[in-house]
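Visitor:
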Amino acid sequence: MTPRIPITRKNSGGYFHIEQLHAVVPPGAFSCSIQEYNEYLTQDALRSQNDHIALTWLLWERSTRSIVAYMSLIADAIKLSVSEKELHNLDYPFKTVPAMKVAKLAVSQSIQETYRGIGSFMLINARTLARMCNRQLFARTRLRDGGFLTVDADIENNESVLNFYEKNGFILNTEMNNKNRKTISMRKDIFA
Ligand SMILES: CC(C)(COP(=O)(O)OP(=O)(O)OC[C@H]1O[C@@H](n2cnc3c(N)ncnc32)[C@H](O)[C@@H]1OP(=O)(O)O)[C@@H](O)C(=O)NCCC(=O)NCCS
Numbered sequence: 003m004t005p006r007i008p009i010t011r012k013n014s015g016g017y018f019h020i021e022q023l024h025a026v027v028p029p030g031a032f033s034c035s036i037q038e039y040n041e042y043l044t045q046d047a048l049r050s051q052n053d054h055i056a057l058t059w060l061l062w063e064r065s066t067r068s069i070v071a072y073m074s075l076i077a078d079a080i081k082l083s084v085s086e087k088e089l090h091n092l093d094y095p096f097k098t099v100p101a102m103k104v105a106k107l108a109v110s111q112s113i114q115e116t117y118r119g120i121g122s123f124m125l126i127n128a129r130t131l132a133r134m135c136n137r138q139l140f141a142r143t144r145l146r147d148g149g150f151l152t153v154d155a156d157i158e159n160n161e162s163v164l165n166f167y168e169k170n171g172f173i174l175n176t177e178m179n180n181k182n183r184k185t186i187s188m189r190k191d192i193f194a
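For the sequence shown, the positions run 3 to 194 when my numbering is used.
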């Protein structure tokens, strides 16, 4: 079996380019392991973007001109406990802090046979966008050293997905989770 090509920020430009969604993605143009995520991209993403509900970014493979991954980003706010705030050196009186959420993330199933690290690379891009917003658009998201990328890890559809986010530096939001959730709220400090 040919080893998969590891994708990093450095080599990614040779294989892929990322751009914001600007037209309908036809059915069948993207296929990950979860049908709901395929349908979201082809049926809902453009409308959500036009309505400013969620902005979607596509990763295109240069050689095949096909979509190999996408993510949808939205503004978010998370509650942090006293100890969580201490962890990030946030000595502000409010409990809720602003963040950017990765509302959807999916990688094409077939492309995972050729490359590894595409999902992680998408999170690097999300962090770059979050930092840019933080510095230029929503100054309040930078609370001293903290600025957060969040996700509701979809354990209903993908039981082991926590592992993927943990490997990418996300930690659990203790204030945001209860036992009955189908998703697990997590965060990553974008300046760490
Ligand atoms: C989850 C998903 C985005 C990961 O993308 P990917 O390109 O396979 O991830 P990466 O190659 O960057 O993986 C990084 C690390 O996480 C691990 N990982 C990835 N997906 C995992 C999973 N589902 N369970 C456990 N570990 C996982 C990888 O093994 C890798 O570990 P390593 O660095 O030790 O080799 C992709 O599998 C996907 O699109 N799944 C379907 C949709 C989905 O579940 N989206 C997330 C919803 S919250």
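C-beta atoms are modelled at their ideal positions from N, C-alpha and C, and glycine is treated no differently.
Would DSSP call T152 helix, strand or coil?
Guide: strand
Visitor: What distance in whole Å lies between the Cβ atoms of N159 and E38, which are believed to be in contact at a cut-off of 8 Å?
Guide: Yes, they are in contact, since the Cβ atoms of E38 and N159 sit about 7 Å apart, within 8 Å.
Visitor: Would you mind stating whether L75 and L61 have Cβ atoms separated by less than 8 Å?
Guide: no
Visitor: Can the beta-carbon of A101 be found less than 8 Å from the beta-carbon of T152?
Guide: Cβ atoms of A101 and T152: closer than 8 Å.
Visitor: Heavy atom of ligand 1 less than 7 Å from the Cβ of S2, yes or no?
Guide: Coverage of the chain is limited to positions 3 through 194, which leaves residue 2 absent and any answer about it impossible.
Visitor: Around the Cβ of S65, are there at least 16 other Cβ atoms within 10 angstroms (buried) or fewer (exposed)?
Guide: exposed
Visitor: Within its chain, find whatever has a CB closer than 6 Å to the CB of L125; leave out the 5 residues flanking it on each side and keep chain order.
Guide: Answer for L125: N170, listed in chain order.
Visitor: Relative to the C-alpha of D154, which candidate in S85, R137 and K106 has its C-alpha closest?
Guide: K106
Visitor: Mapping the DSSP letters down to three states, classify R118 as helix, strand or coil.
Guide: R118 falls in the strand class under three-state DSSP.
Visitor: From the DSSP output, in three-state form, read off T58 for me.
Guide: DSSP places T58 in the strand class (E or B) of the three-state scheme.
Visitor: Could you tell me whether the stretch 16-28 touches the stretch 38-54, where touching means 3 or more Cβ pairs closer than 8 Å?
Guide: Counting C-beta pairs closer than 8 Å gives three or more between the stretch 16-28 and the stretch 38-54, which meets the contact rule.
Visitor: For C34, collect the residues of the same chain with a Cβ closer than 7 Å to its Cβ; drop the 5 residues on either side in sequence, then sort them by chain order.
Guide: N40, A108, V109, S110 and Q111
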